[in-house]
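Protein chains in written order, with the working numbering: chain A, 1 to 232; chain B, 1001 to 1148. All C-beta atoms, glycine included, are put in the ideal place defined by N, C-alpha and C. Please read the structure below before turning to the comments.
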């Protein structure tokens, strides 16, 4: 790399236009965005990143096997250094993600930000809400306590009640006719691999549509009303 | 950005606070994450715990004690040789019983049986009973118990 100027070698091979990037980051936001309830969509994203970070760490000690699952979590809590902290952050970030996703959807609903032409963004968001709840459910079951076992039994029974395809879905989720060892490995795969992948994909779609449309005018109008109301 | 606008005092302190918060939170996460992922380098420590005098335990006699986790254990004088067994069954953690006549351990939960060496004779246990290292010094018996 000898004689080339600082970053020249890399810049040539990774032709990123810093000026354009800075431009995109310094985009001006409408006035109403200074109210925190208009920015709630970013919080679940942040929580998701926290959950991925702590979740990957937890997966290094967790054993998805009925005899070992609870014991390995006890070991994380009591034996591994800062295990209680990592698991605690994972737990509370999960709670907080569910709460903020719901608050975000309430905000979008009541400011009519879902209206034409943003329906697809709303649909992706609704799917994300569903995925988040499923993540909560499967994560809850991974502890494999009595509560988790019966939650899984009730949950798969609910799936079974779906007309026509219900029994097949339930059979697939349980990995057999009843809740057993294969159910645990299945929810482990769903919780750590399948759902996160789907969530990343949906988040990508959700954010791309949002960026393409810009921030909803309906919302902006309502926000203006709010601003006037507050400043009066 | 580039027209060198002067930072006001207020903005400067705001930036400092933001940066401090970011460093503190990310630093904590990275530090704790690394500590979590890397197992402690030091080897587990053992404590030498006094159990009995060698004279007090005749051949065939036993002495019950607990390890540092509070789980039951048994010191047996096996024909002059002192062996300390953990009484926790290796199958599902029930407490096994020593039968001096048959000279074997018996687990009441799933009929697991272990011989006088702690090896599995029959039943579901996957491995022999755990044993503690026994040290006899100047007529005193000690067991080396793992720190919790």
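Just how far apart, CA to CA, sit residue 1065 of chain B and residue 1077 of chain B? Using only the alpha carbons, I get a separation of about 14 Å.
Nearest by alpha-carbon distance to residue 139 of chain A: which of A/125, A/126 and A/155 is it? It is A/155 whose Cα lies nearest to the Cα of residue 139 of chain A.
With distances taken between CB atoms, is the gap from residue 1033 of chain B to residue 129 of chain A smaller than 8 Å? No, Cβ-Cβ distance for residue 1033 of chain B and residue 129 of chain A is not below 8 Å.
Can you give me the Cβ contacts of residue 100 of chain A inside the same chain, cut-off strictly under 6 Å, excluding the 5 residues immediately before and after it? Around residue 100 of chain A: 40, 43 and 44.
Going by DSSP, name the residue or residues bridged to residue 1084 of chain B. Bridge pairing for residue 1084 of chain B: B/1075 and B/1132 [DSSP].
Just checking: is the beta-carbon of residue 1142 of chain B within a distance shorter than 8 Å of some beta-carbon in chain A? So, not an interface residue.
Check the Cβ of residue 57 of chain A against every Cβ in chain B and list those closer than 8 Å, keeping chain order. 1033, 1036 and 1037, listed in chain order.
Please work out which residues of its chain come closer than 7 Å, Cβ to Cβ, to residue 1146 of chain B, disregarding the five sequence neighbours upstream and downstream, and give them in chain order. Around residue 1146 of chain B: 1044, 1046 and 1068.
Using a Cβ-Cβ cut-off of 8 Å (strictly less than) and excluding sequence neighbours within five positions of residue 74 of chain A, which residues of its own chain qualify? So the list is empty, once near-sequence residues are dropped.
My parser needs the alpha helix (DSSP H) runs of 4 or more residues fully inside the segment 39-101 of chain A; what are they? Along the length of the segment 39-101 of chain A, whole alpha helix (DSSP H) runs at least 4 residues long occupy 42-59 and 66-78, reported in chain order.
One question on the structure: do residue 1112 of chain B and residue 1054 of chain B come within less than 8 Å of each other, judged by their Cβ atoms? No.
Drop a sphere of 10 angstroms on the beta-carbon of residue 104 of chain A, count the other beta-carbons inside from all chains shown, and report buried for 16 or more, exposed for fewer. With 16 or more other Cβ atoms within 10 Å, it is buried.
Rounded C-alpha distance that separates residue 22 of chain A from residue 202 of chain A: Their backbone Cα atoms lie some 26 Å apart in a straight line.
Please state the DSSP three-state secondary structure of residue 114 of chain A. Note: residue 114 of chain A maps to coil in three-state DSSP.
Within the chosen definition, does the segment 202-216 of chain A reach the segment 154-169 of chain A through at least 3 CB pairs nearer than 8 Å? Using a C-beta cut-off of 8 Å, the segment 202-216 of chain A makes no contact with the segment 154-169 of chain A, since fewer than three inter-stretch Cβ pairs fall below that distance.
For the segment 69-102 of chain A, list every residue whose C-beta sits within 8 Å of some C-beta in chain B, in sequence order. For the segment 69-102 of chain A, the set of residues with a beta-carbon nearer than 8 Å to any beta-carbon of chain B comprises 80, 81, 82, 83, 85, 86 and 89, in chain order.
Check the Cβ-Cβ distances between residue 53 of chain A and every residue of chain B, and say whether any is below 8 Å. Closer than 8 Å to some Cβ of chain B, the Cβ of residue 53 of chain A qualifies, so yes.
For my contact list, residue 1048 of chain B and residue 1144 of chain B are in at a C-beta cut-off of 8 Å; report their separation, rounded to the angstrom. About 6 Å separates the CB atoms of residue 1048 of chain B and residue 1144 of chain B; that is less than 8 Å, so the two are in contact.
Report the three-state DSSP secondary structure of residue 1112 of chain B (helix, strand or coil). Residue 1112 of chain B: strand per DSSP, three-state reduction.
Quick check on the DSSP output: the beta strand (DSSP E) that includes residue 1140 of chain B runs from which residue to which? According to the DSSP assignment, residue 1140 of chain B belongs to the beta strand (DSSP E) that extends over 1140-1146.
Cβ neighbour criterion (16 or more within 10 Å) applied to residue 1007 of chain B: Exposed.
So what's residue 980 of chain B in DSSP terms, helix, strand or just coil? It is not possible to answer for residue 980 of chain B, since the shown part of chain B is limited to 1001 through 1148.
Residues of chain A with a CB under 7 Å from the CB of residue 1029 of chain B: which are they? The answer, in chain order, is 53.
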